[in-house]
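Numbering (my numbering), first residue to last: 2 to 297.
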């Protein structure tokens, strides 16, 4: 990111972007300080959407780091407003990139429209590189992930039909991770905060091999060592999705993929997404805020 926009005239400045009322959108804001002002003083400021607090942007890490924040929500009007707000003297907000994507109406429908989803982690297990647009039509960014004691495996299916509600790209199903035997289970690392927050989590499973009649791969998702999902038999050339919602979780919450007693093969997992949920949303931005109109 070689350019940015700095806001020095008002305490709060907003971008107004035309959208279709009632659609669910993904918004990603990125910030690269890069010591642009020669002061070696990266600022801290707030990010807001449609009058709602989004996140406090802290650019005080390495000046070479790009910091991105992503939120998904349903818009209530025919435009959405993304704002940066100065919260400390002499610390001027800036922005390097602002991206907006429309999502399919079926996606994340288990989250009611009055709540926003703040992305915490999106992982493609066993992948060799980051996956995003055009492979993901909605430009979600899937980071490659593995883990101690896990083995990466490739999906042998020529094509994978995606029917899951949240529309993961088939590319994140082309690989998976597994454990050594049915005596082991997979621990999902969530990157959740220490204090409990309401969450939405989607976990995706796709069988990687054609199994003969003597082989069976079946497992369950457990939360704090208690079964959460039904028994999962991942389809070859397809996908099963387990979503976790209507619960609060923290870094202390245990989420595992555990083989059933009659499974002859160890569990696998291909991909996952995890979000924290906001409180009830308000609507609108103060008309006195500085506004920049972005047209399509």
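For each residue, glycine too, the CB sits at the ideal point set by N, CA and C.
Since we're looking at a predicted model, the values are computed, not measured.
Residue closest to residue i, alpha-carbon to alpha-carbon, out of the options
| i | options | result |
| --- | --- | --- |
| residue 71 | 46, 58, 80 | 58 |
| residue 45 | 258, 35, 89 | 89 |
| residue 33 | 135, 259, 42 | 42 |
| residue 121 | 144, 105, 135 | 144 |
| residue 99 | 30, 17, 207 | 30 |
| residue 185 | 216, 203, 265 | 265 |
| residue 169 | 48, 40, 141 | 141 |
| residue 213 | 78, 39, 237, 232 | 237 |
| residue 242 | 233, 211, 250 | 233 |
| residue 77 | 94, 92, 24 | 24 |
Collapsed DSSP secondary structure at residue i in the structure displayed
| i | result |
| --- | --- |
| residue 171 | helix |
| residue 47 | strand |
| residue 161 | coil |
| residue 32 | strand |
| residue 42 | coil |
| residue 149 | coil |
| residue 260 | strand |
| residue 253 | coil |
| residue 22 | coil |
Buried or exposed by the 16-neighbour rule on C-beta atoms within 10 Å, applied to residue i
| i | result |
| --- | --- |
| residue 127 | buried |
| residue 9 | exposed |
| residue 124 | buried |
| residue 134 | exposed |
| residue 13 | buried |
| residue 190 | exposed |
| residue 132 | buried |
| residue 179 | buried |
Whole-number beta carbon distance between residue j and residue i, since they are thought to touch under 8 Å
| i | j | result |
| --- | --- | --- |
| residue 111 | residue 277 | Between residue 277 and residue 111 the Cβ distance is about 15 Å, and since that is not below 8 Å, they are no contact. |
| residue 107 | residue 20 | Not really, about 18 Å apart at Cβ, beyond 8 Å. |
| residue 103 | residue 187 | Not really, about 33 Å apart at Cβ, beyond 8 Å. |
| residue 1 | residue 156 | This structure cannot settle anything about residue 1, because the visible part of the chain is limited to 2 through 297. |
Separation of residue j from residue i, as counted between CA atoms
| i | j | result |
| --- | --- | --- |
| residue 254 | residue 130 | 28 Å |
| residue 297 | residue 245 | Any reading at residue 297 is ruled out, since the residue's pLDDT is 45, under 50, leaving its predicted position unreliable. |
| residue 109 | residue 154 | 28 Å |
| residue 260 | residue 62 | 41 Å |
| residue 164 | residue 239 | 7 Å |
| residue 101 | residue 2 | 17 Å |
| residue 221 | residue 283 | 38 Å |
| residue 74 | residue 56 | 14 Å |
| residue 225 | residue 116 | 25 Å |
Near the ligand ATP: residue i beta-carbon under 6 Å from a heavy atom
| i | result |
| --- | --- |
| residue 31 | The model depicted lacks the ligand ATP and carries no ligand whatsoever. |
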